[in-house]
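The letter at position 80 of the sequence shown is residue 80 when you use the working numbering, and the numbering goes up by one with no holes.
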Amino acid sequence: MLYIAYLAIYLDQVLVKKVEEKLSLVKVLNVGIGQKALDDGGPNSSHNVAARTGEDLLKQSQSILSVLIRQSDKAKSEYQTRLQASITTNKVLLRQGVSFRGHDESEFSENRGNFLEFLEVIANENPDVRSVVLENAPKNHQLTSLKIQKDIVRAIASLTTKEIIKDFGDAFFFAYWWMNLMMYQPKSRWLLLYVMWIKKVVL
């Protein structure tokens, strides 16, 4: 049994409605003057809007999960291929230590930036990838934006950190991030990572 309470404050009246769901039957219980406020307020009153919002919340067919489940297997496979191509491109660029983006990443640019250029190389080498990335991908689902690239880099950094910590085993470790090179070279953006660890000694 699921109870959802929602409030609509109108002048000095507070409407509290509890929605009770039993299997497929949704039953609205009235509390105090709540039903009168729903009847008198009109279809667009704050009370009725809150009531409809609560009822919509209970409809399973409108949930995000059911929308995602409705995607076809082909769409899921294409998404996995696009994501894997973007992850591979990120890994190579991180390993090489080069920049991801260029000054002009428009479609007609001669040099679109390392990320898009390398993704194009991967697409040219593999026809399965070529059919789902860059200009063949849906315009709102290309997985080439700066935000997506940063999310993938964060995920890779997290996995790398976990592997480093696992390699230390049972050691205590302390990590310090320093940006003190900025004092000596103001235009540089170097970060130093100092890691000290102390092995446990059993006496």
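Glycine included, C-beta positions come from ideal geometry on N, C-alpha and C.
For the pair Leu83 and Leu134, the CB atoms are not nearer than the 8 Å cut-off. Phe115 is the residue among His47, Asn44 and Phe115 whose C-alpha sits nearest the C-alpha of Thr88. Each residue's CA atom was taken as its position, placing Val98 and Ser45 some 57 Å apart. Here Asn126 is exposed, its C-beta having fewer than 16 other C-beta atoms within 10 Å. Between Ser86 and Ile148, the beta carbon gap of about 7 Å places them in contact (Cβ cut-off 8 Å). The Cβ atoms of Gly113 and Arg130 lie no closer than 8 Å to each other. Residue burial annotation: Asn90 is buried, with at least 16 other C-beta atoms found within 10 angstroms of its C-beta. Per DSSP, the continuous alpha helix (DSSP H) segment holding Ser77 begins and ends at Asp73 to Gln96. Using a 10 angstroms sphere on the CB of Val132, the tally of other CB atoms reaches 16 or more, which defines it as buried.
Contact between Phe118 and Val92 is confirmed by a C-beta separation of about 6 Å, below the 8 Å threshold. The alpha-carbon separation between Asp56 and Ile165 amounts to approximately 46 Å. An exposed status is given to His103, since fewer than 16 other beta-carbon atoms sit within 10 Å of its beta-carbon. By a beta-carbon distance limit of 8 Å, Ile156 does not contact Leu58. Their separation comes to about 40 Å. If you check the CB distance, Thr161 and Asp128 do not come in under 8 Å. When Asp167, Leu159, Ser109 and Ala75 are compared, the shortest CA-CA separation from Pro138 is found for Ala75. Distance from the CA atom of Ala51 to the CA atom of Leu159, rounded to whole angstroms, is 45 Å.
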